[in-house]
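Chemist: The opening residue of the sequence shown carries number 287 in the numbering used here; numbering runs sequentially from there. Attaching a single structure in structure tokens format; questions to follow.
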Amino acid sequence: MTRDYGIIPQIEHYGCMVDLFSRAGLLQEAREFIENIPIEVNGVVWGTLLGGCKVHKNIELAEEATKHLAELDPLNDGYYVVLSNIYAEAERWEDAARVRRLMRNRGIKKTPGCSSIEVDGIIHTFVAGDDSHPQSPKMFQLWEKLLGEMKQRGYAPNLSVVLLDTDEESKEKFLYRHSEKLALCFGLLNISPKTPIRIMKNLRVCEDCHVAFKCISAIANREIIVRDRNRFHCFKDGLCSCQDYW
Ligand code: ZN
Ligand code: ZN
Numbered sequence: 287m288t289r290d291y292g293i294i295p296q297i298e299h300y301g302c303m304v305d306l307f308s309r310a311g312l313l314q315e316a317r318e319f320i321e322n323i324p325i326e327v328n329g330v331v332w333g334t335l336l337g338g339c340k341v342h343k344n345i346e347l348a349e350e351a352t353k354h355l356a357e358l359d360p361l362n363d364g365y366y367v368v369l370s371n372i373y374a375e376a377e378r379w380e381d382a383a384r385v386r387r388l389m390r391n392r393g394i395k396k397t398p399g400c401s402s403i404e405v406d407g408i409i410h411t412f413v414a415g416d417d418s419h420p421q422s423p424k425m426f427q428l429w430e431k432l433l434g435e436m437k438q439r440g441y442a443p444n445l446s447v448v449l450l451d452t453d454e455e456s457k458e459k460f461l462y463r464h465s466e467k468l469a470l471c472f473g474l475l476n477i478s479p480k481t482p483i484r485i486m487k488n489l490r491v492c493e494d495c496h497v498a499f500k501c502i503s504a505i506a507n508r509e510i511i512v513r514d515r516n517r518f519h520c521f522k523d524g525l526c527s528c529q530d531y532w
């Protein structure tokens with residue numbers, strides 16, 4: 287870059303390298319790379335490594351990344367949520383609970399998930415758990431129908447993404463009312479079949495919604511595009527453009 291094009295790498299460029307290493311599962315290389323970055327490192331860089339740790343299930347490095355993030359970006363709830371989910375996936379419930387306690391003690395609140403979708407020039411916004419929209423009964427009906435077909439295709443609700451200490455049934459209900467799922471049902475009801483459904487989400491899309499959206503793109507034969515906090519996901523024919531890495 288520098289020799290041939292005269293471009294001096296900025297933090298974004300270094301971040302991309304960390305992303306590439308992390309995607310490839312070369313987490314130690316990513317970590318060493320971060321340590322050798324000659325300019326000041328920001329939270330995004332460590333957050334990228336944390337994302338890789340989640341996908342490649344490396345708890346030790348995830349803990350290290352979170353330590354840096356606690357200093358660089360202390361009020362960002364997203365990182366604590368990812369770490370807590372990593373513990374939950376590994377069935378280390380005590381540690382998951384410890385992270386949630388830590389969030390509470392530091393006064394960090396989980397930002398409520400919020401998704402919006404535009405239909406005929408009007409933006410409709412859904413918050414997780416919201417049932418106040420006039421079309422809610424129709425949306426929930428559609429969801430139940432989709433859920434039946436998804437289960438036939440092997441979908442099982444991923445309750446580990448729910449950070450609440452409640453019983454399985456309430457967790458399931460909570461999961462099914464994630465804001466992007468509400469927005470999707472609304473979109474399926476109101477957007478003509480040939481038009482892609484576009485959803486914006488304020489947080490990172492969760493694992494469960496990701497699996498569900500892949501499945502629904504095939505069942506409903508629709509293209510669904512979700513812009514979450516980190517990137518675009520283009521769901522089509524049962525797959526996502528991010529190749530399950532985000
Ligand atoms: Zn979700
Ligand atoms: Zn994706």
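Yeah, the Cβ is synthetic: ideal placement off N, Cα and C, and Gly gets one too.
Please check the pair V341 and Y531, which I expect to be a contact at CB under 8 Å, by giving their CB distance rounded to whole angstroms.
Modeler: 6 Å
Chemist: Which partner residues does R513 have in the DSSP bridge list?
Modeler: DSSP, once it has assigned bridges, lists M486, F518 as partnering R513.
Chemist: I need the DSSP call for S478, collapsed to helix, strand or coil.
Modeler: coil
Chemist: Reducing DSSP to helix, strand and coil, say where E375 ends up.
Modeler: helix
Chemist: So within the segment 287 to 365, which uninterrupted alpha helix (DSSP H) runs reach at least 4 residues, ignoring any that extend past its ends?
Modeler: 288 to 291, 297 to 309, 313 to 321, 329 to 341, 345 to 358
Chemist: Would you say the beta carbon of D363 is closer than 7 Å to some non-hydrogen atom of ligand 1?
Modeler: Not under cutoff, so the answer is no.
Chemist: Tell me whether N503 sits in a helix, a strand or coil according to DSSP, three-state version.
Modeler: The question names Asn, yet the displayed sequence has Ser at residue 503. It is helical.
Chemist: Check whether the Cβ atoms of L489 and G399 lie closer than 8 Å to each other.
Modeler: yes
Chemist: Does DSSP put H410 in a helix, in a strand, or in coil?
Modeler: Strand.
Chemist: Could you please give the first and the last residue of the uninterrupted alpha helix (DSSP H) stretch that includes S586?
Modeler: As displayed, the chain neither begins before 287 nor continues past 532, which places residue 586 out of reach and without an answer.
Chemist: When DSSP labels each residue in this structure, what does V255 get in the three-state scheme?
Modeler: In this structure the chain extends from 287 to 532, so residue 255 is not present and cannot be described.
Chemist: For C302, count neighbouring C-beta atoms within 10 Å of its own C-beta (all shown protein chains included) and say buried if the count is 16 or more, exposed if not.
Modeler: exposed
Chemist: Are the CB atoms of V368 and N444 nearer to each other than 8 Å?
Modeler: Result no, Cβ atoms of V368 and N444 do not sit closer than 8 Å.
Chemist: Pull up the CB-CB distance for I403 and G473, whole angstroms please, since I reckon it's below 8 Å.
Modeler: 5 Å
Chemist: To the nearest angstrom, report how far apart I293 and A316 are at their CA atoms.
Modeler: 22 Å
Chemist: Go ahead and label K467 buried or exposed: buried means 16 or more other beta carbons lie within 10 angstroms of its beta carbon, across all protein chains shown.
Modeler: So K467 ends up on the buried side.
Chemist: At which residues does the beta strand (DSSP E) containing S402 begin and terminate?
Modeler: 400 to 405
Chemist: Which one or two residues does DSSP pair with L525 in a beta bridge?
Modeler: K522
Chemist: Among E380, H464, N391, which residue has its Cα nearest to the Cα of F426?
Modeler: Across the set E380, H464, N391, the C-alpha of H464 shows the shortest separation from the C-alpha of F426.
Chemist: Tell me the rounded alpha-carbon separation between E509 and L525.
Modeler: 10 Å
Chemist: Within 10 angstroms of its Cβ, does I409 collect 16 or more other Cβ (buried), or is it exposed?
Modeler: exposed
Chemist: Between A356 and L335, which are expected to be in contact by the criterion C-beta below 8 Å, what is the C-beta distance as a whole number of angstroms?
Modeler: With a Cβ gap of about 14 Å, A356 and L335 do not count as contacting.
Chemist: If you follow the alpha helix (DSSP H) that L461 is part of, which residue opens it and which one closes it?
Modeler: First-last of the alpha helix (DSSP H) with L461: 454 to 462.
Chemist: List the whole-angstrom C-beta distance separating F319 from V330, where the pair is believed to meet the contact cut-off of C-beta under 8 Å.
Modeler: Their Cβ separation, rounded to whole angstroms, is 14 Å, which puts F319 and V330 out of contact at 8 Å.
Chemist: Closest to C471 by CA distance: which of K424, G393, A383 is it?
Modeler: K424
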